[in-house]
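As given, the protein sequences belong to chains A and B, one line each in that order.
Sequential numbering of the first sequence, starting at 0, is according to numbering that gives the first Met the number 0.
Sequential numbering of the second sequence, starting at 0, is according to numbering that gives the first Met the number 0.
Structure first, then comments.
Number of protein chains: 2
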Amino acid sequence: MFADLRIRSLKKMSEIKKATINDVASLAGVSIKTVSRVVNGLPNVAEATRKRVNIAIERLNFRPNLSAQRLASRRSYILALLYDNPSANYLFNIQSGVLESCNARGYDLLVHPCDHTNPDLADEVINLQHQGRCDGVVLTPPLSDVRGLISALDKKGTPFIQIAPADRQENYPWVATTDEAASFEITHHLVSLGHRRIAFIRGHPDHKAMATRENGYRRALKDAGISYSRKLVAQGQNSFESGVSAANQLLKKQDPPTAIFAANDDMAAGVISAANDMGLQVPKDLSVAGFDDTPIATQTWPALTTVRQPIREMAQSAARILIERLDSQDKPQLKEIIDARLIVRLSTGTVNAVLRQ
Amino acid sequence: MFADLRIRSLKKMSEIKKATINDVASLAGVSIKTVSRVVNGLPNVAEATRKRVNIAIERLNFRPNLSAQRLASRRSYILALLYDNPSANYLFNIQSGVLESCNARGYDLLVHPCDHTNPDLADEVINLQHQGRCDGVVLTPPLSDVRGLISALDKKGTPFIQIAPADRQENYPWVATTDEAASFEITHHLVSLGHRRIAFIRGHPDHKAMATRENGYRRALKDAGISYSRKLVAQGQNSFESGVSAANQLLKKQDPPTAIFAANDDMAAGVISAANDMGLQVPKDLSVAGFDDTPIATQTWPALTTVRQPIREMAQSAARILIERLDSQDKPQLKEIIDARLIVRLSTGTVNAVLRQ
DNA sequence: TTGAAAGCGCTAACAT
DNA sequence: ATGTTAGCGCTTTCAA
Numbered sequence: 000m001f002a003d004l005r006i007r008s009l010k011k012m013s014e015i016k017k018a019t020i021n022d023v024a025s026l027a028g029v030s031i032k033t034v035s036r037v038v039n040g041l042p043n044v045a046e047a048t049r050k051r052v053n054i055a056i057e058r059l060n061f062r063p064n065l066s067a068q069r070l071a072s073r074r075s076y077i078l079a080l081l082y083d084n085p086s087a088n089y090l091f092n093i094q095s096g097v098l099e100s101c102n103a104r105g106y107d108l109l110v111h112p113c114d115h116t117n118p119d120l121a122d123e124v125i126n127l128q129h130q131g132r133c134d135g136v137v138l139t140p141p142l143s144d145v146r147g148l149i150s151a152l153d154k155k156g157t158p159f160i161q162i163a164p165a166d167r168q169e170n171y172p173w174v175a176t177t178d179e180a181a182s183f184e185i186t187h188h189l190v191s192l193g194h195r196r197i198a199f200i201r202g203h204p205d206h207k208a209m210a211t212r213e214n215g216y217r218r219a220l221k222d223a224g225i226s227y228s229r230k231l232v233a234q235g236q237n238s239f240e241s242g243v244s245a246a247n248q249l250l251k252k253q254d255p256p257t258a259i260f261a262a263n264d265d266m267a268a269g270v271i272s273a274a275n276d277m278g279l280q281v282p283k284d285l286s287v288a289g290f291d292d293t294p295i296a297t298q299t300w301p302a303l304t305t306v307r308q309p310i311r312e313m314a315q316s317a318a319r320i321l322i323e324r325l326d327s328q329d330k331p332q333l334k335e336i337i338d339a340r341l342i343v344r345l346s347t348g349t350v351n352a353v354l355r356q
Numbered sequence: 000m001f002a003d004l005r006i007r008s009l010k011k012m013s014e015i016k017k018a019t020i021n022d023v024a025s026l027a028g029v030s031i032k033t034v035s036r037v038v039n040g041l042p043n044v045a046e047a048t049r050k051r052v053n054i055a056i057e058r059l060n061f062r063p064n065l066s067a068q069r070l071a072s073r074r075s076y077i078l079a080l081l082y083d084n085p086s087a088n089y090l091f092n093i094q095s096g097v098l099e100s101c102n103a104r105g106y107d108l109l110v111h112p113c114d115h116t117n118p119d120l121a122d123e124v125i126n127l128q129h130q131g132r133c134d135g136v137v138l139t140p141p142l143s144d145v146r147g148l149i150s151a152l153d154k155k156g157t158p159f160i161q162i163a164p165a166d167r168q169e170n171y172p173w174v175a176t177t178d179e180a181a182s183f184e185i186t187h188h189l190v191s192l193g194h195r196r197i198a199f200i201r202g203h204p205d206h207k208a209m210a211t212r213e214n215g216y217r218r219a220l221k222d223a224g225i226s227y228s229r230k231l232v233a234q235g236q237n238s239f240e241s242g243v244s245a246a247n248q249l250l251k252k253q254d255p256p257t258a259i260f261a262a263n264d265d266m267a268a269g270v271i272s273a274a275n276d277m278g279l280q281v282p283k284d285l286s287v288a289g290f291d292d293t294p295i296a297t298q299t300w301p302a303l304t305t306v307r308q309p310i311r312e313m314a315q316s317a318a319r320i321l322i323e324r325l326d327s328q329d330k331p332q333l334k335e336i337i338d339a340r341l342i343v344r345l346s347t348g349t350v351n352a353v354l355r356q
């Protein structure tokens, strides 16, 4: 009866009061330093000792207190993911990729929305690391392209990595895709279907990466000997609705385009919707192409020809590179470029001879 | 000239070596305890002292080290958001809502994907808090409905809150919406348009919250004196594609439904797509309703009649309630129910007399 | 209103 | 191979 009580009370203790490294050390009959060695997988521990310590750890259900580890080692083992108003899908893919690398290397991930127009942004981010909330930051577009932020981080020594920056500096760490080449390719695809009046819908002006896509478009036109016309370029805001109004604008012109390449899928889906409303059939009367291969690309009718960027992989690489920098003294890998690829679906087709003139 | 040098070197110091509470204390000529009081806004500090300390803080650009605060106070001021394979949009809304409350109350947010089928899930989550990686966890569906997890957290004293649990226990903290009532309402809407053969597409079987939606559907049928028919219920998996195949299944039956209510928008969009492929016009030949009011609801053609759940608000309340529990001794608010509401768009219409028979 | 001293639970430098 | 001794930078008694 007494025995029973004692056991119960011991059980309760191990539930309520957490075991510390000292408890483990005394139970195993070693010093705390040895426990520390075992916990951290460091060398110079005899096999027998290691075993004894592990048993003690097991018995006490010991888990090292992270705050103490962090304070003593002056590291948080946390990465912060910074973003400003991304699409849900983009963020989801980025976050998943970053998390993969974090989990694989024992880091936690903090999510931190920002405002890229905030003048105190740099201070905010630097403090994040300064206070020990994180060891380094992952920057996503459009934050990857805030010059003042990047240079401040660099100057203050806050570890960072840029995801898909438009302007790719030699001396900063970043990860990107071959998006310009893919834009060239998708435009070239339209050209090869016989299209000559190919319109382009720009993305949100604050997202410099969107400009890269226009570069590919223009390069492909030039390559095909088609002169670039301002009248065939409309400004969008990345949203479905902005795609609708840009399409309306473009299609009501004198010589309307026979193909429209929108800088992202949402806007391209808006184009299809606008075309439907005007009684145009896609792709018979109008070819439409998007960019990103988001879920919406297979949910429009017809499904969108688009470009798939390996966003998740890009984010995974980004976090890996950042962590490698944090975990090792020497400067490791600095940048990485991942292939984007054209995906042809039913929204693009041979140009309609009648419309072509 | 010397002065210049000295200033520059001071500047550099404050950039490189972070000031600690001791530096502030000696500069202000007070004890570190007083600095601590000022930093934490505690009472019992003379106004003049407070001012002197603040000036010192300013001059040294002092930021309290979080790891030290956390270790000493045995609190991390971090919440963990747990999720298992949610849709990008759902996660985005939840995360935004939780972040609002976190930011408002000085908490950071950790994101932590889980596997709800993992037998060690409870240990994993308990350790999260046990190790001091977070002070409490926010559970999203389907994790909100893992009984073993909930009871283990409760037993071990790991603070948690459930978002949208299907089974709503009196003694656990949770936040939910009036989703059953909204399902009733949307079904009733179809009935009032003259529909009698109203099909239902179930959501993913692991998401018990989806079952709630079926309850509302059945209650509305009963209320209208329509007998429930198994033949008019198909199983989906929450995805667009599963909506397509469920619709194909339902529409090829002998007495096909004149209306289909899918448990979420993605599946409803799949229904519209399938209907298009079969040459059926929506809503003339088939009324379609969804649930959630995700972006896709306004991007289908015609746009979806659906239910808007204030997911973001729900998540915000959840985090607020959890933080209140963490920050105060006494048991504060335990649960909250937020209104969901019907949104009628063009995908539902009067039943086609010919089809009705 | 203020402060001294004792931790919080670990890591790191330096013995042994 | 193992232990000793200082911290890391705060919060928390408990005095004054």
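By construction, the Cβ of each residue, glycine as well, lies at the ideal position given by its N, Cα and C atoms.
Item to complete: Give a yes or no on whether the minimum CB-CB distance between B/G131 and chain A is below 9 Å.
Response: yes
Fill in: the stretch 258 to 275 of chain B / the stretch 293 to 311 of chain B touching (three or more Cβ pairs under 8 Å)
yes
Worksheet item: For A/I322 versus A/V287, is the C-beta distance shorter than 9 Å?
Response: no
Item to complete: For chain B, find out if any of its Cβ atoms is closer than 9 Å to the Cβ of A/K17; answer yes or no.
Response: yes
Worksheet entry | Straight-line gap, B/A317 to B/W173 (C-alpha atoms, nearest Å) | 7 Å
Practice prompt. Grab me the residues of B/L65's own chain with a C-beta within less than 7 Å of its C-beta, minus the 5 sequence neighbours each way, in chain order.
Written response: none
Fill in: Which of helix, strand or coil DSSP assigns to A/V350
coil
Worksheet item: For the stretch 84 to 111 of chain A, which residues have a beta carbon sitting closer than 9 Å to at least one beta carbon of chain B?
Response: P85, S86, A87, N88, Y89, L90, F91, N92, Q94, S95, L98, N102, D107, L108, L109, V110, H111
Worksheet item: Using a Cβ-Cβ distance under 9 Å, would A/Q298 count as near chain B?
Response: yes
Worksheet item: Since B/H187 is in the alpha helix (DSSP H), which residue starts that stretch and which ends it?
Response: 178 to 191
Worksheet item: Are the Cβ atoms of A/R104 and A/D326 separated by less than 9 Å?
Response: yes
Worksheet item: So with Cβ pairs under 9 Å, would you call A/S8 a contact of chain B?
Response: Low per-residue confidence applies at A/S8: pLDDT is 32, beneath 50, and the placement is therefore not dependable, though the value from the model is reported in the following sentence. No, A/S8 does not count as interfacial toward chain B.
Item to complete: State yes or no: is the beta carbon of A/S75 nearer than 9 Å to at least one beta carbon in chain B?
Response: yes
Practice prompt. Name the residue from B/L250, B/P256, B/I295 whose alpha carbon lies nearest to the alpha carbon of B/D265.
Written response: B/I295
Discussion item. Taking CB distances under 9 Å as the criterion, tell me whether B/A268 reaches chain A.
Written reply: yes
Fill in: Residue from A/N170, A/A208, A/R195 with nearest C-alpha to A/Q180
Reading off the sequence shown, one finds Ala at residue 180 of chain A, where the question assumed Gln. Residue A/A208 is the option with its Cα nearest to A/A180.
Worksheet item: In this structure, does DSSP put A/S286 in helix, strand or coil?
Response: strand
Discussion item. Looking at the strands, I want to know which residues DSSP matches up with A/P112.
Written reply: A/Y82
Discussion item. Strictly below 9 Å CB to CB, what residues from chain A border B/R295?
Written reply: Correcting the residue type first, residue 295 of chain B is Ile in the shown sequence and not Arg. Neighbours of B/I295 on chain A, chain order: P294, I295, Q298.
Discussion item. Given this structure, state the Cα-to-Cα distance separating B/L152 from A/D22, to the nearest angstrom.
Written reply: 24 Å
Discussion item. Using C-beta distances below 6 Å, list every residue in its chain close to B/H115, excluding the 5 sequence neighbours before and after it, in chain order.
Written reply: D83, P141, L142, V145
Item to complete: Check B/D292 in the structure and name its three-state DSSP category.
Response: coil
Practice prompt. Please list the residues of the stretch 59 to 70 of chain A that have a C-beta atom closer than 9 Å to any C-beta atom in chain B, keeping them in chain order.
Written response: N60, R62, P63, N64, L65, S66, A67, Q68, R69, L70
Item to complete: Check the Cβ-Cβ distances between B/N126 and every residue of chain A, and say whether any is below 9 Å.
Response: yes
Worksheet item: How about A/S272: is its C-beta nearer than 9 Å to some C-beta of chain B?
Response: yes
Worksheet item: By how many angstroms is the C-alpha of A/K230 removed from the C-alpha of B/Y106?
Response: 50 Å
Worksheet item: Which of the three DSSP states, helix, strand or coil, is assigned to A/G269?
Response: helix
Discussion item. Quick check on B/R201: does DSSP put it in helix, strand or coil?
Written reply: strand
Item to complete: Please go through the same chain and pick out, in chain order, the residues whose beta-carbon is closer than 6 Å to the beta-carbon of B/S13, but skip the five residues on each side of it.
Response: Unreliable positioning characterises B/S13 in this predicted model, as indicated by a pLDDT of 37, which lies under 50. A coordinate reading is not provided.
Worksheet item: How many Å lie between A/Q68 and B/G147 at the Cα?
Response: 31 Å
Worksheet item: Hey, would you say B/L220 sits closer than 9 Å to B/T347, going by beta carbons?
Response: no
Item to complete: Tell me A/R307's beta-bridge partners as DSSP assigns them.
Response: A/D291, A/R340
Worksheet item: What number of angstroms, rounded off, separates the C-alpha of A/A18 from the C-alpha of A/P63?
Response: 9 Å
Worksheet item: If we count Cβ pairs, one from each stretch, closer than 8 Å, do we get three or more for the stretch 237 to 251 of chain B versus the stretch 196 to 208 of chain B?
Response: yes
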